[in-house]
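S.K.: The structure that follows is given in the form of structure tokens.
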Amino acid sequence: MIVKPFEQVVAEHGPMVLRVCRAVLGPADAEDAWSETFLAALKAYPDLPAEANVQAWLVTIAHRKAIDVTRAQARHPLPVGEIPDRPGGTGVPDSDLWDALAKLPDKQRTAVAYHYLAGLPYREIAEITGGSTDAARRAAADGVKTLRATYPLEGAHS
Amino acid sequence: MIDIIPSLPVAYEVLPDRLHERLTTAAEREGLLDVAYRTLDTPVGSLLLAATPQGLVKVAFDRQDHEAVLADLASAISPRILRAPARLDLVVRQLDEYFTGGRRAFDVPLDFRLARGFRLSVLEHLPEIAYGHTESYAQVATAAGSPKAVRAVGTACALNPLPVVVPCHRVVRSDGSYGQYAGGEEAKRTLLTMEAA
Chain U
509 MIVKPFEQVV AEHGPMVLRV CRAVLGPADA EDAWSETFLA ALKAYPDLPA EANVQAWLVT
569 IAHRKAIDVT RAQARHPLPV GEIPDRPGGT GVPDSDLWDA LAKLPDKQRT AVAYHYLAGL
629 PYREIAEITG GSTDAARRAA ADGVKTLRAT YPLEGAHS
Chain V
5 MIDIIPSLPV AYEVLPDRLH ERLTTAAERE GLLDVAYRTL DTPVGSLLLA ATPQGLVKVA
65 FDRQDHEAVL ADLASAISPR ILRAPARLDL VVRQLDEYFT GGRRAFDVPL DFRLARGFRL
125 SVLEHLPEIA YGHTESYAQV ATAAGSPKAV RAVGTACALN PLPVVVPCHR VVRSDGSYGQ
185 YAGGEEAKRT LLTMEAA
């Protein structure tokens, strides 16, 4: 059995998990969630079965961390000094699309992120988020449909 | 169907360095960093340096294939391995001093867990061979307590997990020729020439 050094897991999957955290939580909390995800993954890594799907395993951990972050925020709402007219525009070229993604309902946003950004099949997404495979497929389809409506492709950077 | 999605991933194609650093710092703090490693450019090529919390555990030459060495460390010690240079600061400083001629002996914590038995007793003797001096495989065998184990000394030197720092390059054939070296004969020549200067 070949045991992969954890550094290789970070290199191969780190950017993917960061995009997923960014999509699910937004830029402010994405890096915290990423760090907590990989620290938890490092802790559990020696016990991970050799045949495990590392991608799905990491998204599962990230999903739980995202729920923790969201719950913590609900308990301790942060006062916001000045609410900007429109968020984003921080030099990230696709911030409009990220914004559109942020406005999706939770189920759709996670389904879109886990399927299109993490590349997981709907069956695995259903295992992570709960619910059926069909529900995960529908949520992702509805999410993409809304994204298309709110983010016309003519204006998209390609 | 997914035409809109390719626009999304652009933001993070590579992991920001600060996130990697944050992970290694947290891992160290939580006691989850079983093996920290980095590479160092030296006159004998790029050296891979790896340390457990106990000390330096592996030094590997470029020709030993760093990827393969890390995979070996993952199965021999722990897969909790991260590129985390901070733990290697002291040994890097001493190696820099050694390669610029300002240091003749290393004083860093060593973790000998990758060597056992007779091989370990050979390695424990090696630092007694002074900088700029050499011993033959036969002399080392006697010093390690088994005068007849000349071939085993050769094996112990060839498999030395901590070359350069544990100076197996100071062991040469009795006819004075260099003999084998994990870093290649050229690396051995470079080290001995440097020390003789």
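Residue numbers (our numbering), protein chains in the order written: chain U, 509 to 666; chain V, 5 to 201. Every residue gets a Cβ at the ideal spot worked out from N, C-alpha and C, and that includes glycine.
So, are the CB atoms of V:P57 and V:D76 less than 9 Å apart?
M.R.: No, the Cβ-Cβ distance between V:P57 and V:D76 is not below 9 Å.
S.K.: At what residues does the beta strand (DSSP E) containing V:R206 begin and finish?
M.R.: Nothing can be reported for residue 206 of chain V: it is not among the residues displayed for chain V, which extend from 5 to 201.
S.K.: Do the segment 615-628 of chain U and the segment 525-536 of chain U make contact, defined as three or more Cβ pairs closer than 8 Å?
M.R.: Enough Cβ pairs lie closer than 8 Å, so yes.
S.K.: Hey, would you say V:R42 sits closer than 9 Å to V:L27, going by beta carbons?
M.R.: No, the pair does not count as a contact, with Cβ atoms beyond the cut-off.
S.K.: If we count the other Cβ atoms within 10 Å of its Cβ and call it buried at 16 or more, is U:I591 buried or exposed?
M.R.: Caution applies to U:I591, whose pLDDT of 45 falls short of 50 and renders its modelled position unreliable; the value that the coordinates give is listed next. Classification for U:I591: exposed.
S.K.: Please return the same chain residues whose Cβ sits closer than 6 Å to the Cβ of V:E101, not counting the five positions on each side in sequence.
M.R.: Within the same chain, V:E101 has close Cβ partners R107.
S.K.: According to DSSP, simplified to helix, strand and coil, what is V:L114?
M.R.: Three-state DSSP puts V:L114 in a strand.
S.K.: Taking 9 Å as the threshold (C-beta atoms), are U:F546 and V:I85 in contact?
M.R.: Contact: no.
S.K.: Around the Cβ of V:E190, are there at least 16 other Cβ atoms within 10 angstroms (buried) or fewer (exposed)?
M.R.: So V:E190 ends up on the exposed side.
S.K.: Please work out which residues of its chain come closer than 8 Å, Cβ to Cβ, to U:L625, disregarding the five sequence neighbours upstream and downstream, and give them in chain order.
M.R.: Excluding sequence neighbours, U:L625 sits near M524, R527, V528, A531.
S.K.: Taking U:P629 as the query, report the chain V residues whose CB atoms sit under 8 Å from its CB, ordered along the chain.
M.R.: Near U:P629 there are no residues of chain V at all, since even the closest Cβ is about 14 Å away, more than 8 Å.
S.K.: Evaluate contact between the segment 566-578 of chain U and the segment 631-641 of chain U, counting only Cβ atoms and requiring at least three cross-stretch pairs below 8 Å.
M.R.: Segments in contact, yes.
S.K.: Would a check of beta-carbon distances place V:P83 closer than 9 Å to chain U?
M.R.: Yes - at least one Cβ of chain U is within 9 Å of the one on V:P83.
S.K.: Between V:A80 and the rest of its own chain, which residues show a CB-CB distance below 7 Å, the 5 nearest in sequence each way excluded?
M.R.: If we look at V:A80 and ignore the five residues flanking it on each side, its Cβ neighbours are L118.
S.K.: If V:A156 sits next to V:F122, beta carbons under 8 Å apart, how far is it from one beta carbon to the other, in whole angstroms?
M.R.: Rounded, the Cβ-Cβ distance is 6 Å, consistent with contact.
S.K.: CA-CA distance, U:G596 and U:L612?
M.R.: Note on U:G596: pLDDT 41, under 50, position unreliable in the model; the coordinate value appears next. Rounded to whole angstroms, U:G596 to U:L612 spans 16 Å at the Cα level.
S.K.: Just reading off the beta strand (DSSP E) that V:S41 is part of, what are its end residues?
M.R.: A small fix is needed here, since residue 41 of chain V is Tyr in this sequence, not Ser. 39-46 is the span of the beta strand (DSSP E), which, as asked, contains V:Y41.
S.K.: So that I know if they touch, is there some Cβ in chain U lying closer than 9 Å to that of V:A31?
M.R.: Judged by the 9 Å Cβ criterion, V:A31 is in contact with chain U.
S.K.: Between the segment 133-151 of chain V and the segment 176-191 of chain V, do at least 3 Cβ pairs fall closer than 8 Å?
M.R.: A contact exists between the segment 133-151 of chain V and the segment 176-191 of chain V.
S.K.: Across which residues does DSSP place V:L60 in a beta bridge pair?
M.R.: Bridge partners of V:L60: V:A55, V:L114.
S.K.: Assuming the contact rule is C-beta atoms closer than 8 Å, V:L166 and V:L60 should be a hit. Round their C-beta distance to whole Å, please.
M.R.: Confirmed, about 6 Å.
S.K.: Roughly how many whole angstroms lie between the Cα atoms of U:G651 and U:L605?
M.R.: Each residue's Cα considered, the two are about 12 Å apart.
S.K.: Determine the DSSP secondary structure at V:V18, reduced to helix, strand or coil.
M.R.: Coil.
S.K.: Using the Cβ count rule (16 or more neighbours within 10 Å means buried), how would you classify U:S543?
M.R.: By the neighbour-count rule (16 or more Cβ atoms within 10 Å), U:S543 is buried.
S.K.: Which stretch, first to last residue, makes up the alpha helix (DSSP H) that contains V:Q98?
M.R.: Per DSSP, V:Q98 belongs to the alpha helix (DSSP H) from 93-103.
S.K.: Can you find the residues in the same chain that come closer than 8 Å, C-beta to C-beta, to U:D540, ignoring five residues on each side of it along the sequence?
M.R.: Closer than 8 Å at Cβ, skipping near neighbours: V577.
S.K.: Out of curiosity, what's the CA-to-CA distance linking U:A580 and V:V126?
M.R.: Rounded to the nearest angstrom, the two C-alpha atoms are 57 Å apart.
S.K.: Return no unless some Cβ of chain U is closer than 9 Å to the Cβ of V:M5.
M.R.: Interpretation of V:M5 is limited by its pLDDT of 43, a score under 50 that renders its predicted location unreliable; the figure taken from the coordinates is listed afterwards. Yes, because at least one Cβ of chain U sits closer than 9 Å to the Cβ of V:M5.
S.K.: Looking at the C-beta of U:E559, does it have a partner C-beta in chain V at a distance below 9 Å?
M.R.: Answer no: the Cβ-Cβ gap between U:E559 and chain V never drops below 9 Å.
S.K.: Since V:C172 and V:L130 should fall inside the 8 Å C-beta cutoff, what is the C-beta to C-beta distance between them, to a whole number of angstroms?
M.R.: The Cβ separation is near 6 Å, so the contact holds.
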